[in-house]
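**Student:** Submitted below is the structure of interest, expressed as structure tokens.
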């Protein structure tokens, strides 16, 4: 289980007690709507939140967005209650986000409880502690894990570091590397300064160029910015098509495209981008006769 059936650029987190907000994910264009039973729900409201989430998933609204739920830590009493509740949901969410993931055993517990009442579900491991970061390899190796998510706020609290980009770069890099090594998705932590749209855009861009495939949103206004940052531009798609065409024409031999030498890693990246984002109606690439596309070993222009 190593691929999602929907895009994952933006994940809009909504408290499970705020039933009126559940439909916002699709309306604002979020790829995935995340119903939260953990941090956004006070202890006295946990039972009510589980019931509200059950009604939402039972409605099975075909709104186009993936549907996920974040439980409490599976080793806590609330987490175990969440698991038993989610196991009874019909239909189930597409994804269960497991917070405070610190070992493969945490995921095994979630998978085992849910397996008693239905087929396997996708698990997202939320890594937000030093112990979780130290166990990344085994966490990422769990067969039901399809994404590694970074929890910057809890990680910064646990380590005592500032909640800014540079102090958290090591942790982010480790998560991206572990996800890439296993062919799964890396999702970045939320940006909590809601009025600072420029700051959100800058952090999302930094996460994208580092290798993250998407970012969690904590407010609907963040979703369009995140979607834009984690989507290729028309120019990027056009360049990817040109690179892929050069690869096809040259039998995957090293070539020169617009003055840049490209080879197998470039070809693979271009094809992956096109597979994820190119659509039949997408903007077409410029006329290939106007592009500098050359096979490096023969010097033959195309």
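In the UniProt record's numbering, the protein residues as written are 1 to 302. We treat Cβ as the ideally placed atom computed from N, Cα and C, and that holds for glycine. If you're wondering where the values come from, they're calculated on a predicted model, not measured in any experiment.
1. Compute the Euclidean distance between the alpha carbons of residue 207 and residue 151, then round it to the nearest angstrom.
2. According to the neighbour-count rule (16 or more other Cβ atoms, all chains shown, within 10 Å of its Cβ), is residue 144 buried or exposed?
3. Nearest CA to the CA of residue 17: which residue from 49, 233, 71, 104?
4. When the distance is taken between beta carbons, is residue 97 closer than 7 angstroms to residue 124?
5. Is the segment 236-250 close to the segment 35-45, with three or more CB pairs under 8 angstroms?
6. Does the segment 126-144 come close enough to the segment 169-181 to have 3 or more Cβ pairs within less than 8 angstroms?
7. Can you tell me whether residue 225 is buried or exposed? The criterion is at least 16 other CB atoms within 10 Å of its CB, across all chains shown.
8. Is the segment 192-210 in contact with the segment 164-175, if contact means three or more CB pairs nearer than 8 angstroms?
9. By alpha-carbon positions, which one of 78, 261, 255, 273 ends up nearest to residue 238?
10. Pick helix, strand or coil for residue 194, following the three-state DSSP scheme.
11. Please report how far the alpha carbon of residue 103 lies from the alpha carbon of residue 86, in whole angstroms.
12. Do you know whose CA, among 250, 72, 33, 53, lies nearest residue 66's CA?
13. Kindly give me the distance between the Cβ atoms of residue 267 and residue 252, rounded to whole angstroms, as I take these residues to be in contact under 8 angstroms.
14. Go ahead and pull the three-state DSSP assignment for residue 48.
15. Within its chain, find whatever has a CB closer than 6 angstroms to the CB of residue 291; leave out the 5 residues flanking it on each side and keep chain order.
16. Out of 53, 100, 73, 24, state which residue places its alpha-carbon closest to the alpha-carbon of residue 64.
17. List the endpoints of the continuous beta strand (DSSP E) containing residue 10.
18. Less than 7 angstroms between C-beta atoms, sequence neighbours within five positions excluded: which residues of the same chain meet that for residue 282?
19. Sorted by chain position, which residues of the same chain lie with C-beta nearer than 6 angstroms to residue 117's C-beta, five sequence neighbours on each side aside?
20. Comparing alpha-carbon positions, which option in 210, 255, 277 lies nearest residue 233?
21. Would a C-beta distance cut-off of 7 angstroms place residue 126 and residue 99 closer than the cut-off?
22. Roughly how many angstroms separate the alpha carbons of residue 58 and residue 15, rounded to a whole number?
23. Figure out for me which residue from 128, 250, 185, 184 has the closest Cα to the Cα of residue 160.
24. Using the Cα positions of residue 157 and residue 131, report the straight-line distance between them to the nearest angstrom.
25. Does the Cβ of residue 106 have 16 or more other Cβ atoms within 10 Å, making it buried, or fewer, making it exposed?
26. Using only CA atoms, which one of 213, 90, 222, 214 lies nearest to residue 192?
**Tutor:** Reading off the structure:
1. Locating residue 207 in the chain shown gives position 207, where the first residue counts as 1. Locating residue 151 in the chain shown gives position 151, where the first residue counts as 1. One C-alpha to the other measures close to 13 angstroms.
2. For this step, residue 144 is matched to residue 144 along the chain shown. Buried, by the Cβ-count rule.
3. Here residue 17 corresponds to residue number 17 of the chain shown, with the count starting at 1. When only C-alpha atoms are compared, the closest one is 49.
4. In the chain shown, counting from the first residue as 1, residue 124 sits at position 124. In the chain shown, counting from the first residue as 1, residue 97 sits at position 97. Yes, Cβ-Cβ distance for residue 124 and residue 97 is below 7 angstroms.
5. no
6. Yes, they touch.
7. The residue you call residue 225 lines up with position 225 of the chain shown. With 16 or more other Cβ atoms within 10 Å, it is buried.
8. yes
9. On the chain shown, position 238 is the one that residue 238 refers to. That would be 273, whose Cα lies nearest to the Cα of residue 238.
10. Residue numbering aside, residue 194 sits at position 194 when the chain shown is read from its first letter. Residue state, collapsed to three classes: coil.
11. Residue mapping note: residue 103 aligns to position 103 of the chain shown, counting from 1. Residue mapping note: residue 86 aligns to position 86 of the chain shown, counting from 1. So the two alpha carbons sit approximately 21 angstroms from each other.
12. Counting from one through the chain shown, the residue named residue 66 turns up at place 66. Measuring from the Cα of residue 66, the nearest candidate turns out to be 33.
13. Along the chain shown, read from residue 1 onward, the residue named residue 267 stands at position 267. Along the chain shown, read from residue 1 onward, the residue named residue 252 stands at position 252. Confirmed, Cβ separation roughly 6 angstroms.
14. Mapped onto the chain shown, residue 48 falls at position 48. Of the three classes helix, strand and coil, the one that applies to residue 48 here is helix, per DSSP.
15. Walking along the chain shown from the start, residue 291 turns up at place 291. Caution is warranted here: a pLDDT of 42 is assigned to residue 291, below 50, making its placement in the model unreliable, and the coordinate value is therefore given only provisionally. For residue 291, where only same-chain residues beyond five positions count, the Cβ hits under 6 angstroms are 242.
16. As a first step, residue 64 must be located in the chain shown, where it is residue number 64. Among 53, 100, 73, 24, the Cα nearest to that of residue 64 belongs to 24.
17. For the purposes of this step, residue 10 is identified with residue 10 of the chain shown, where counting begins at 1. Taken as a continuous stretch (DSSP letters only), the beta strand (DSSP E) holding residue 10 covers 10-15.
18. The sequence position of residue 282 within the chain shown is 282, counting from 1. Note that residue 282 has pLDDT 34, beneath the 50 cutoff, so the model's placement of it is unreliable and the number below is only indicative. Answer for residue 282: 237, listed in chain order.
19. Looking up residue 117 in the chain shown gives position 117. The answer, listed in chain order, is 87.
20. As a first step, residue 233 is located in the chain shown; it is residue number 233 there, counting from the start. Ranking the options by Cα distance to residue 233, first place goes to 277.
21. By 1-based counting over the chain shown, the position of residue 126 is 126. By 1-based counting over the chain shown, the position of residue 99 is 99. Contact flag set, yes.
22. Stepping through the chain shown from its first residue, residue 58 is reached at position 58. Stepping through the chain shown from its first residue, residue 15 is reached at position 15. Whole-angstrom Cα-Cα distance: 17 angstroms.
23. Against the chain shown, residue 160 aligns to sequence position 160. When each option's Cα is compared against that of residue 160, the closest is 128.
24. By 1-based counting over the chain shown, the position of residue 157 is 157. By 1-based counting over the chain shown, the position of residue 131 is 131. Going from the Cα of residue 157 to the Cα of residue 131 covers about 13 angstroms.
25. The residue given as residue 106 occupies position 106 in the chain shown. Buried is the call here.
26. Within the chain shown, the letter at position 192 stands for residue 192. Of the listed residues, the one whose Cα sits closest to residue 192 is 222.
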